[in-house]
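For the record, in the sequence shown the residue sitting at position 259 is 260 according to the working numbering, with numbers rising by one throughout.
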Amino acid sequence: MSEEAQAQPTTAAVESPRSSHPASSPRSPTEAVATAGTAIEAEEDDYANDSAYEGDSIASSTTSIGSSVLKYREENGRTYHAYKDGSYALPNDEVESDRLDMQHHEFQLMFNGKLFTAPVPETKVLHRVLDAGTGTGIWAIDFADDHPESSVLGVDLSPIQPSFIPPNVKFEVDDLEAPWTYTQKFDLIYGRMLMCSLNNYPRFFEQAFANLAPGGFVEMADPAWPIKLNDGEWPEDSALLQWANLWGEGMAKMGRSAECARLYKSQMEAAGFVSVTETTYIVPNNRWPKDKKLKEIGMWQCENIAGPDGGIEGLSAAVFTRVLGWSKLELDVLLAKAKAEHRNTKIHSYYEYLVVIGQKPEE
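Structure (structure tokens):
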């Protein structure tokens, strides 16, 4: 998808009139939106480069709070939440917190600075907002800063959010799969990167529907397996493809599907949501696209997953060692090769990120 010839999305990206950030046309060249299967023009490159950022250093940090209540599990040099131990396979340590904040910036690039894309009417006040799976709380904090009229609640299994926060945001340690006991309805429920975080997504959408005020919105933004190639063929015995396939297999053994985001639309509709839309975003795995915006997104994606403190180790450790029975040494060897392919701009790989939005009917 180049600036010269961009494909239309499956469903046009929806501008949020409530966002304080500059808006752009959903079909402008600056939108990183494309239909599945759309070919993207690659930058000319006559060498196999395994460093997609070549010295470009991207740093991100967060101030985490400790907890006298939760004693984290330590495994393979990483820490994991203890509340509902084992229900979430990614770490909760400082390395992962930094990566999540970096990932937030990547989403901001994808969405042109917007924190959400649900078509909330200009006159509608979002009194109460739920950030489901808040992580470091960066989305909730940014939303609270942008919307001082809103009360924002961030929920997560780990208390890793900063202590210095806007007065209109609150964080709670809770399990989204437990019965929701909120006494007031929400106007917006936002979930991002919840892929493989839940066992029962239909139940999640049913609870979201029950806890939304009439006319309220739910918005989900998640990647969907499998990893894809824009053109060409995978290298013989590709470590990156092997890793992606094995990670999906491990999640399946945990009772979770790496393709769960592809079911969000039908699950929302089954829960009672109306006007459900699905938009596909193309996210390159490094700087291989010619399009400047996609190239920048790819740079951040590469740093996020395959950088020095990239997320592929955190994504993989529990799945491969707990579930698939790999040794730490075997995993390290595979990840070193997979990261090199991830950074190689000769390999034009990408993921599809799906944004699915539904509305609770007005009474």
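The C-beta atom is built at its ideal place from N, Cα and C for all residues, glycine as well.
No experiment lies behind these values; they were computed from the predicted model shown.
With fewer than 16 other Cβ atoms from the protein chains shown falling within 10 Å of its own Cβ, residue 124 counts as exposed. Under DSSP, residue 167 shares a beta bridge with no residue. Straight-line measurement puts the Cα of residue 325 at about 8 Å from the Cα of residue 250. For the beta strand (DSSP E) assignment, the uninterrupted runs of no fewer than 3 residues enclosed by the segment 92 to 150 are, from N- to C-terminal side, 129 to 133. Note on the segment 189 to 244: whole alpha helix (DSSP H) runs with a minimum of 4 residues are 202 to 211, in chain order.
Within a 10 Å sphere around the beta-carbon of residue 183 sit fewer than 16 other beta-carbons, which makes this residue exposed.
When the Cα atoms are used, residue 227 and residue 242 turn out to be separated by approximately 9 Å. Counted as a single uninterrupted DSSP element, the stretch harbouring residue 334 is not any beta strand (DSSP E) but the alpha helix (DSSP H) occupying residues 329 to 344.
Only residues of its own chain outside the window of five on either side were considered, and among them 215, 275 have a CB closer than 7 Å to the CB of residue 362, listed in chain order.
In this structure, the beta-carbon distance from residue 144 to residue 156 does not fall below 7 Å.
The continuous beta strand (DSSP E) containing residue 358 extends over residues 350 to 360. Your pair residue 189 and residue 127 checks out as a contact, with CB atoms roughly 5 Å apart and the cut at 8 Å. For residue 297, the enclosing alpha helix (DSSP H) begins and ends at 293 to 307. The bridge partners DSSP lists for residue 172 are 155. DSSP places residue 317 inside the alpha helix (DSSP H), whose first and last residues are 312 to 319. In this chain, the beta strand (DSSP E) harbouring residue 282 covers 275 to 285. Per DSSP, the continuous alpha helix (DSSP H) segment holding residue 267 begins and ends at 265 to 272. If you draw a straight line from the Cα of residue 342 to the Cα of residue 301, it comes to about 16 Å.
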